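**Student:** Structure below; questions to follow.
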Amino acid sequence: MQIKSLLVALVAFSAPHAAVAELPDYRYFVAGGVCAACSHGITTPIDVVKTKIQSDPSKYKGKSMLASAKEMVKEEGAGYLLAGLGPTVVGYGVEGAMKFGVYEALKPISQKIIDSKAVAFLVASVVAGAVAAVLLCPMESTRIRLVSDPKFGKGLLDGLPKLIREEGLMSTFDGLAAMLAKQVPYTLGKQVSFDVFAGLLYALAAKFGLEGSEMKFLISFGAAFMASILACLSSQPGDMILTKTYKSAGTGLSFIDVIKSINKDGGLPAFFTGTGARLAHVISIITSQLMIYDVVKVALGLPATGSH
Numbered sequence: 001m002q003i004k005s006l007l008v009a010l011v012a013f014s015a016p017h018a019a020v021a022e023l024p025d026y027r028y029f030v031a032g033g034v035c036a037a038c039s040h041g042i043t044t045p046i047d048v049v050k051t052k053i054q055s056d057p058s059k060y061k062g063k064s065m066l067a068s069a070k071e072m073v074k075e076e077g078a079g080y081l082l083a084g085l086g087p088t089v090v091g092y093g094v095e096g097a098m099k100f101g102v103y104e105a106l107k108p109i110s111q112k113i114i115d116s117k118a119v120a121f122l123v124a125s126v127v128a129g130a131v132a133a134v135l136l137c138p139m140e141s142t143r144i145r146l147v148s149d150p151k152f153g154k155g156l157l158d159g160l161p162k163l164i165r166e167e168g169l170m171s172t173f174d175g176l177a178a179m180l181a182k183q184v185p186y187t188l189g190k191q192v193s194f195d196v197f198a199g200l201l202y203a204l205a206a207k208f209g210l211e212g213s214e215m216k217f218l219i220s221f222g223a224a225f226m227a228s229i230l231a232c233l234s235s236q237p238g239d240m241i242l243t244k245t246y247k248s249a250g251t252g253l254s255f256i257d258v259i260k261s262i263n264k265d266g267g268l269p270a271f272f273t274g275t276g277a278r279l280a281h282v283i284s285i286i287t288s289q290l291m292i293y294d295v296v297k298v299a300l301g302l303p304a305t306g307s308h
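The numbering of the sequence shown is UniProt numbering, which starts it at 1 and goes up by one.
The following block contains the structure:
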């Protein structure tokens, strides 16, 4: 019954005659887009190394992230570390705007329908993650193709049209199931835990009489750092499935086939291939992203996460 009521509320929420008070605040979308585009753009080299390790694990087995990066630069040139920068910035800018915006918009609606605040936040994060995954698919398809095959194209402007021309528009959504497997737990682990950790840290600071702008910075950093670890570990299997899915494009492997293939290669540990590189990547992304998010929110007149 609660699920049905939530769906009805979502329809009403998107309807043209919806009450002004229930319309989403554009500032959350702006802050989400800015922080996601900046954080993912800055950490593109780390993402390139991580993706390459995952797409060719036997070649880089036993090598550190730095050693792997040096080998890639030696073979492809320094510019290779910026492969997929265009689709990364554009794709994650749109993805971040929707992920943060939809999440913040759905939280109050979910809380009116679901008694448990925790469950309401989880529902909002799952929906936000799903919406973001759909929008991100074409850009991520292009990014991974550019990283796994440096000769495919130079960037977004030629890579995406070529991908659509050769394989069709719908082919860019072939990895949707894998994208959902990554983005839903990633969003849940990142945004819900950031809300929870920030709230707990603000309550702890108030208890000891610690206030001021310096505390806001420390709280944002601490909450973001802890959220990044949870987000990375919870979404790592989905990230491996996503990389394998795009690497296997055109082979006819289904979502289940990809999972079986990874499991056959090394069992459960195979799903955590490249975790070290990805942990460095995700911690860098999420910590900077959530801090930028709070800075932009406050600059736009919104309260910092967990401060109210």
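Think of the CB as a built atom: it goes at the ideal place given N, C-alpha and C, for glycine as much as any other residue. Quick caveat: nothing in here was measured; it's all calculated off a predicted structure.
Per DSSP, what kind of secondary structure is D149 in: helix, strand or coil?
**Tutor:** Here the question's residue 149 lines up with position 149 in the sequence shown. It is coil, neither helix nor strand.
**Student:** Could you tell me how far apart the beta carbons of G91 and M139 are, in whole angstroms, since I believe they sit closer than 8 Å?
**Tutor:** Against the sequence shown, residue 91 aligns to sequence position 91. Against the sequence shown, residue 139 aligns to sequence position 139. G91 to M139, Cβ: 3 Å. Contact.
**Student:** Report the three-state DSSP secondary structure of L253 (helix, strand or coil).
**Tutor:** Here residue 253 is taken as the residue at index 253 of the sequence shown, counted from 1. Correct three-state label for L253: coil.
**Student:** Thinking C-beta only, is Y60 closer than 8 Å to S68?
**Tutor:** Here residue 68 is taken as the residue at index 68 of the sequence shown, counted from 1. Here residue 60 is taken as the residue at index 60 of the sequence shown, counted from 1. Their beta carbons are under 8 Å apart, which means S68 touches Y60 by this criterion.
**Student:** Whose C-alpha, out of M72, F197, A37, A299, is nearest the C-alpha of P150?
**Tutor:** Position 150 of the sequence shown, counting from 1, holds the residue named residue 150. When only C-alpha atoms are compared, the closest one is M72.
**Student:** Rounded to whole angstroms, how far is the Cβ of L135 from the Cβ of V94, which I believe are closer than 8 Å?
**Tutor:** The sequence position of residue 135 within the sequence shown is 135, counting from 1. The sequence position of residue 94 within the sequence shown is 94, counting from 1. That pair is a contact at about 5 Å.
**Student:** Which residue's Cα is closest to the Cα of K244: N263, S234, L233, M226?
**Tutor:** What you label residue 244 is simply residue 244 of the sequence shown in a count that begins at 1. Out of N263, S234, L233, M226, N263 has the C-alpha closest to the C-alpha of K244.
**Student:** Could you tell me the boundaries of the alpha helix (DSSP H) in which M170 lies?
**Tutor:** Indexing the sequence shown from 1 puts residue 170 at position 170. It is not in any alpha helix (DSSP H) - M170 carries neither H nor E in the DSSP assignment.
**Student:** Could you have a look at D47 and say whether DSSP puts it in helix, strand or coil?
**Tutor:** Numbered from its first residue, the sequence shown carries residue 47 at position 47. Helix at D47.
**Student:** CA-CA distance, K99 and R278?
**Tutor:** Residue mapping note: residue 99 aligns to position 99 of the sequence shown, counting from 1. Residue mapping note: residue 278 aligns to position 278 of the sequence shown, counting from 1. The straight-line gap from Cα to Cα measures roughly 20 Å.
**Student:** Got a sec? Which residues, its chain only, sit under 6 Å from T43 by beta carbon, not counting five neighbours each side?
**Tutor:** Within the sequence shown, numbered from 1, the residue matching residue 43 stands at position 43. Excluding residues within five positions, the ones whose Cβ falls inside 6 Å are H281, S284, I285.
**Student:** Would E166 be called buried (16 or more neighbouring beta carbons within 10 Å of its own) or exposed?
**Tutor:** To locate residue 166, count along the sequence shown from 1; it is residue 166. Counting Cβ neighbours within 10 Å, E166 comes out exposed, since fewer than 16 surround it.
**Student:** Please list the terminal residues of the continuous alpha helix (DSSP H) segment that includes Q111.
**Tutor:** Looking up residue 111 in the sequence shown gives position 111. Counting along the chain, the alpha helix (DSSP H) containing Q111 begins and ends at 85-113.
**Student:** Taking the alpha-carbon positions, what's the V89 to T251 distance?
**Tutor:** Within the sequence shown, the letter at position 89 stands for residue 89. Within the sequence shown, the letter at position 251 stands for residue 251. If I take the Cα positions, the gap works out to 29 Å.
**Student:** In its own chain, which residues sit with a C-beta less than 6 Å from the C-beta of P87, not counting the 5 before and 5 after it?
**Tutor:** On the sequence shown, position 87 is the one that residue 87 refers to. Closer than 6 Å at the Cβ level, and outside the excluded window around P87, lie M139, T142, R143, L156.
**Student:** Looking at the unbroken alpha helix (DSSP H) that takes in V282, where does it start and where does it end?
**Tutor:** Against the sequence shown, residue 282 aligns to sequence position 282. Run containing V282: 275-299, per the alpha helix (DSSP H) assignment.
**Student:** Around the Cβ of Y26, are there at least 16 other Cβ atoms within 10 angstroms (buried) or fewer (exposed)?
**Tutor:** In the sequence shown, counting from the first residue as 1, residue 26 sits at position 26. Counting Cβ neighbours within 10 Å, Y26 comes out exposed, since fewer than 16 surround it.
**Student:** Out of curiosity, what's the CA-to-CA distance linking F208 and M215?
**Tutor:** As a working mapping, residue 208 is identified with position 208 in the sequence shown. As a working mapping, residue 215 is identified with position 215 in the sequence shown. Cα-Cα distance, rounded: 12 Å.
**Student:** Hey, is the stretch 286-295 in contact with the stretch 32-42, meaning 3+ C-beta pairs nearer than 8 Å?
**Tutor:** Yes, the stretch 286-295 is in contact with the stretch 32-42.
**Student:** Mark S64 as exposed unless 16 or more other C-beta atoms lie within 10 angstroms of its C-beta, in which case mark it buried.
**Tutor:** As a first step, residue 64 must be located in the sequence shown, where it is residue number 64. Exposed, by the Cβ-count rule.
**Student:** Answer yes or no: do A31 and K297 have a C-beta to C-beta separation smaller than 8 Å?
**Tutor:** For this step, residue 31 is matched to residue 31 along the sequence shown. For this step, residue 297 is matched to residue 297 along the sequence shown. Closer than 8 Å, so yes.
**Student:** Just the Cα atoms here: how many angstroms apart are A21 and S39?
**Tutor:** Here residue 21 refers to the residue found at position 21 of the sequence shown. Here residue 39 refers to the residue found at position 39 of the sequence shown. Unreliable placement is indicated for A21, whose pLDDT of 43 sits below 50; the coordinate value is still reported in the next sentence. When rounded, the distance between both Cα atoms is 31 Å.
**Student:** Comparing alpha-carbon positions, which option in Y202, G84, G129 lies nearest A177?
**Tutor:** Position 177 of the sequence shown, counting from 1, holds the residue named residue 177. Closest by alpha carbon: G129.
**Student:** Quick one: what does DSSP say L210 is sitting in, helix, strand or coil?
**Tutor:** Position 210 of the sequence shown holds residue 210. Reduced to three states, the DSSP call for L210 is coil.
**Student:** Take the Cβ of G101 as the centre, count every other Cβ of all protein chains shown within 10 Å, and call the residue buried at 16 or more, exposed below.
**Tutor:** Position 101 of the sequence shown, counted from the first residue, corresponds to residue 101. With 16 or more other Cβ atoms within 10 Å, it is buried.
**Student:** What first and last residue would you give for the alpha helix (DSSP H) that runs through T187?
**Tutor:** Counting from 1 along the sequence shown, the entry for residue 187 is found at position 187. Element bounds for T187: 176-187.
**Student:** Please classify P303: does DSSP put it in a helix, a strand, or coil?
**Tutor:** On the sequence shown, residue 303 is found 303 positions in, with the first residue counted as 1. P303 falls in the coil class under three-state DSSP.
**Student:** Got a sec, what are the start and stop residues for the alpha helix (DSSP H) F29 sits in?
**Tutor:** Walking along the sequence shown from the start, residue 29 turns up at place 29. Its alpha helix (DSSP H) spans residues 26-42.
**Student:** Would you kindly work out how many angstroms separate the C-alpha atoms of K50 and L66, rounded to a whole number?
**Tutor:** Counted from its first residue, the sequence shown places residue 50 at position 50. Counted from its first residue, the sequence shown places residue 66 at position 66. If I take the Cα positions, the gap works out to 11 Å.
**Student:** Give the secondary structure of G77 by DSSP, where H, G and I count as helix, E and B as strand, and everything else as coil.
**Tutor:** Taking the first residue of the sequence shown as position 1, residue 77 is located at position 77. Coil, per DSSP.
**Student:** In the DSSP assignment, find the unbroken alpha helix (DSSP H) run with S64 in it and report its ends.
**Tutor:** Here residue 64 refers to the residue found at position 64 when the sequence shown is read from its first residue. No alpha helix (DSSP H) holds S64; DSSP gives it neither H nor E.
**Student:** If we count the other Cβ atoms within 10 Å of its Cβ and call it buried at 16 or more, is T110 buried or exposed?
**Tutor:** In the sequence shown, the residue the question calls residue 110 occupies position 110. Here residue 110 is Ser; the residue named in the question, Thr, does not match the sequence. Buried, since its Cβ has 16 or more Cβ neighbours within 10 Å.
**Student:** Report the residue from P303, G189, L122 whose alpha carbon sits nearest the alpha carbon of T287.
**Tutor:** Position 287 of the sequence shown, counting from 1, holds the residue named residue 287. For T287, the nearest C-alpha among the options comes from G189.
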